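Here is the structure we will look at.
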Amino acid sequence: MTAVLTLDARLDLGAVRPLAQRLGACDGADLSLDAGGVTHLGALAAQLLVAARQRWAAAGLRLEVGPRSPAFDEAVAVMGLDRWFGAEDAR
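Residue 89 in the UniProt record's numbering sits at position 89 of the sequence shown, and the numbers go up by one each step.
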């Protein structure tokens, strides 16, 4: 079964610790991140999401992002993170 975690609208420095805790609570299960309401994705939050993606892959689990807001996609593109959150996640 895939767990769903809805991301906060503003993923800035203040959101990183709570997001890390929420991600930790989902360890051991496939995970879908709902980024449809994201209005701001800061670099530290993006780094946390990349690390989560790596951790899930190392555990043989799936971590996908969808739906995705235009702001999320724009931040991913500006930061050059398409490799981690490319079109295969957009649903």
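Ideal Cβ placement from N, Cα and C applies to all residues, glycine included.
Bear in mind the structure is a predicted one, so any value in this text is a computation, not a measurement.
Does the distance from the CB of residue i to the CB of residue j come in under 9 Å?
i, j, result
"Ala45", "Ala15", "yes"
"Val38", "Arg68", "yes"
"Thr2", "Ala29", "yes"
"Leu48", "Leu81", "no"
"Leu61", "Leu31", "yes"
"Leu33", "Leu5", "yes"
In angstroms, rounded to a whole number, what distance separates the CA positions of residue i and residue j?
i, j, result
"Met79", "Phe72", "11 Å"
"Arg91", "Ala20", "Any reading at Arg91 must be qualified, since the residue scores a pLDDT of 42, below 50, and its modelled position is unreliable; no value is offered."
"Asp27", "Gly86", "22 Å"
"Leu63", "Ala57", "8 Å"
"Arg17", "Leu11", "10 Å"
"Ala9", "Ala77", "18 Å"
"Val50", "Ala43", "10 Å"
"Gly66", "Ala35", "6 Å"
"Leu13", "Ala59", "27 Å"
"Arg55", "Ala75", "22 Å"
Flag residue i as yes when its Cβ comes closer than 8 Å to any non-hydrogen atom of the ligand PLP, and as no otherwise.
i, result
"Leu31", "This structure lacks the ligand PLP; in fact it carries no ligand of any kind."
Any chance you could list the beta strand (DSSP E) runs of at least 3 consecutive residues sitting entirely within the UniProt domain "STAS" (1 to 91), in chain order?
-> As summarised for the UniProt domain "STAS" (1 to 91), the continuous beta strand (DSSP E) elements at least 3 residues long and confined to that stretch are 2 to 6, 30 to 35 and 63 to 68, given in chain order.
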